[in-house]
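Using numbering that gives the first Met the number 0, count along the sequence shown one by one with no gaps and you end on 714.
Working notes, structure below.
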Amino acid sequence: MISSGMAVCEPEASSQVAALDTNALKDLFNLKSIAVIGASEDQSKFGGRLFKNLLTHGFRGQVYPINVARDELFGLKTYPDLTDLPETPDAFVIALPSHLVKTHVERAAALGVKLGIIISSGFSDAGDAGRAAEEELVQIARANGMRLIGPNCLGMISPQNGIVLCSSPVVDRPDLPKRPIGFASQSGALMTTLFDRVWSEGGGFTHGFSVGNQADLEVCDFIDYFVADEATTVICAYIEGLKDASRFLESARRARAAGKPLLVVKAGRSEAGREAAFSHTASIAGDAAVFAAVCRQEGIMLVDDINIMFSVANVLASQPRRPIRNVAILTPSGGGGALAADALAEAGIDMATFDEKAAAMLSKHYPPGQAQNPIDFGTRVGTDESLSSRETVQALHQDTNTDAILCVMAMSPLFWQLQIIDAQMAMADQATKPVIFAIDAGRTSDPVRARLTELGLPYTNSTADAVKALDYLKKLGALQPSAGAERPQDCTAANAPAKSGQYDEDQAKGILAKYGVAVNEGAVATTAEMAAGMAAKVGFPVVMKIVSQDIVHKSDVGGVVVRLSNADEVTAAYNTMLQTVKSHVPNARIEGVLVQRMVEGSLEMIVGARKDVEFGPVVVFGAGGVLVEMLPDRFIATAPLSKAQVLEGLQSLPIWKMLAGYRGRTLDYEALVDTIVRVSWLAWDLRDYEFELDVNPVLVGSDHATAVDARLLIV
Ligand code: ADP
Ligand code: MG
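And the structure:
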């Protein structure tokens, strides 16, 4: 749920973020002494492996093994209990069975230990009894100012602080490579898997935290820590479910303010959209779609592939950052260059056209027709490889049209490739654009990988991955937090409905009209004669629609008839409609027939809104009418929205081409923008309720946008 604070204030105020106590956070994880409860030498046990891993990775503080049965472990004096230690340690770690944990937490809390890392599982991960036990641990800790990581986690791996509190075999290596990337993971196995993979691909981390059940410290605390930690410049997180959405937004805003990109992979993308029981909005703006929308609005980079997340992080952490539009390719292979160019084009990234100066420099080294993007190093004319590679790389770095350089290292004499790498290094001081290497070959290219790793240059193991990474880097430049929305003057919260219930078309349109949305007039008839009379008043042609709480999609059951031109047609249609609807839905309670003005329009759009339990009211709009769930053409954002945001959203949709005018037709998209802005304020005003609103379709014509159907459910 959104916090009550967020719910009562005006939206502009909700983006204020409280400052962090950075020193307290840094202090919490910068440990000087650690007690290992249940330490042993037995490498078949969690406690044994964890203890050994801590000892082998250069922790400079004091380690206190705790084991009732031993006086010494790996040569270290061992104590029977926390209470026997010569000092209060900064932290304790425990991997014993769950029923043994509470006693130690109590003792640690009483001693004033500041951090407990509980590896043990069997808490909220194991049902209600476990949940209660976990809550008890948190209470004990909080009452004494102690913080907890876990339970049910794989601990922490902090190359930066030389602290390894993790039993995983991935740390069984001589060194733990560092890069300025912090990682908080809701899956311990994934954390260790990725550390291992990233390490073997030349990357590294400052710190990794496996957050486990997040009983006390949760993902956002670690994001906050990474914001506070000077050694970390890029933040990565793997998230399954958020504990507190408004906190997540706060942490994300802090990261953004600190200039530290936040990259997130979130599980649950494949969750099927909800059944459209009441509204289309619920099925097209499901939870995953809303999360993606929030990330886009908040400048969080949502990545759909966890390996790509680290490729992107690695480039961000080691290379200059700048908006990416045009890319230069340098490769020793014509084929590699051609395929990379295709992949870039498919991702919508342009190939740079070199400026005159760069072209002139390149033409010294390549035959006519070859001194252009992609540059095939194999075609160079000179005999001095070193000079060619240096001047080629220099030309690309100095070219004013190139924003990033992709080096596709296809198989070729090794020294060519090493020379390209050296040339990049020679430019490192003056470089203002990122360079990314792609190595598609197998073991023969290992010396190239080794050289790149040694120099700290980022690479991927396929051109496809490098292009994906470039695509995300390009998107990152385009992520802009939303500007404040302004409430139209005649759009007041006092007009928001305050009662739960299901609002039919006529009632929902009444509410929309009060918010200044253009709707077509109409009224409900309960006899054919009444219908004919109303049609005359409204003006022909008219549309007739069935009114029934039991019918969600009226046209599916013969409940909509359009273009009725006279009283006779209305009378006939009235009777036929009742019959047809009854034959489709025999038990439907029919309240009457809505007679309304027929609206001319060339395009049907949906404008919907709902309350998301995590992020509050959201708005969705896109191609509408009866095809709404078939066309994936929609934009989602949290309410309320500014005109500029709506316009930008519309412009991002394929249907924008039709809205903007085609084949001599012009459509009044400004009226549509106004409608969406107003619906977004209605959504904002309904933020304290769970609700679903469909305005579908809004018919857009040459001089209007009119809501001709609407339904609203307030729970
Ligand atoms: P439902 O969505 O319940 O099936 P609608 O009221 O949206 O019913 O009507 C279905 C379709 O009929 C609309 O998508 C639109 O094409 C057309 N329609 C409905 N009302 C009007 C109207 N007043 N003017 C013009 N076309 C209309
Ligand atoms: Mg409809």
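Glycine included, every Cβ here is placed at the ideal spot set by N, Cα and C.
Everything numeric in this text was worked out from a predicted model, so none of it was measured.
Range covered by the beta strand (DSSP E) that runs through residue i
i: Gly607; result: Leu602 to Asp611
i: His206; result: His206 to Ser209
i: Pro696; result: Phe690 to Val699
i: Phe182; result: Ile180 to Ser184
i: Asn574; result: Not the beta strand (DSSP E): Asn574 falls in the alpha helix (DSSP H), residues Ala566 to His583.
i: Cys235; result: Val233 to Ile238
i: Met747; result: For the chain, the structure presents residues 0 to 714; residue 747 sits outside this window and is missing.
i: Met543; result: Val541 to Val546
i: Arg486; result: No beta strand (DSSP E) holds Arg486; DSSP gives it neither H nor E.
i: Leu361; result: Run containing Leu361: none in the beta strand (DSSP E); it sits in the alpha helix (DSSP H), Glu355 to Ser362.
Limits of the unbroken alpha helix (DSSP H) element including residue i
i: Lys508; result: Glu504 to Lys513
i: Gln61; result: Element bounds for Gln61: not the alpha helix (DSSP H) but the beta strand (DSSP E), Gln61 to Ile65.
i: Ser199; result: Gly187 to Ser199
i: Gln138; result: Asp127 to Ala142
i: Cys406; result: Unbroken run through Cys406 is the beta strand (DSSP E), Ala403 to Val407; no alpha helix (DSSP H).
i: Ile283; result: His279 to Ile283
i: Phe529; result: Note that residue 529 is Met in the sequence shown here, rather than Phe. From DSSP, the alpha helix (DSSP H) with Met529 extends over Ala527 to Val537.
i: Ala477; result: Thr462 to Ala477
i: Val226; result: Val218 to Ala227
Cβ-heavy atom distance, residue i to the ligand ADP, below 8 angstroms
i: His396; result: no
i: Gly621; result: no
i: Asp555; result: yes
i: Val523; result: no
i: Val598; result: yes
i: Glu504; result: yes
i: Val645; result: no
i: Gln296; result: no
i: Val546; result: no
i: Gln138; result: no
i: Val264; result: no
i: Leu698; result: yes
i: Val542; result: yes
i: Gly624; result: yes
i: His552; result: yes
i: Asn519; result: yes
i: Gly121; result: no
i: Gly558; result: yes
i: Glu217; result: no
i: Val592; result: no
i: Val516; result: no
i: Glu628; result: no
i: Val561; result: yes
i: Glu603; result: yes
i: Gln650; result: no
i: Gln501; result: no
i: Gln578; result: no
i: Gln595; result: yes
Check whether residue i and residue j have beta carbons under 9 angstroms apart
i: Ile180; j: Val226; result: no
i: Asn212; j: Asn325; result: no
i: Ile545; j: Val594; result: no
i: Ala608; j: Val569; result: no
i: Val592; j: Thr525; result: yes
i: Met410; j: Ala437; result: no
i: Ile675; j: Val645; result: yes
i: Ile148; j: His56; result: no
i: Asp549; j: Ser278; result: no
i: Asn29; j: Asn160; result: yes
i: Phe91; j: Ile33; result: yes
i: Thr77; j: Ile65; result: yes
i: Ala281; j: Val551; result: no
i: Tyr224; j: Lys31; result: no
**Study point:** Residues surrounding the ligand MG [beta-carbon distance to nearest heavy atom under 5 angstroms]
**Key:** Cβ atoms closer than 5 angstroms to the ligand MG belong to Asn695 and Asp708.
**Study point:** Within the segment 621 to 688, ranges of the alpha helix (DSSP H) (whole runs, at least 4 residues)
**Key:** If we require 4 residues or more, the alpha helix (DSSP H) runs fully inside the segment 621 to 688 come out as 642 to 650, 655 to 658 and 668 to 684.
Review point. Which parts of the segment 14 to 99 are runs of the alpha helix (DSSP H), unbroken and 4 residues or longer, counting only runs that do not cross its ends?
Key: You should have 21 to 28 and 45 to 55.
Review point. Whole alpha helix (DSSP H) runs in the segment 315 to 351 with 4 or more residues, listed along the chain?
Key: You should have 333 to 345.
Point to revise | Inside the segment 373 to 448 only - alpha helix (DSSP H) runs reaching at least 4 residues | key: Whole alpha helix (DSSP H) segments, 4+ residues: 384 to 397 and 413 to 426.
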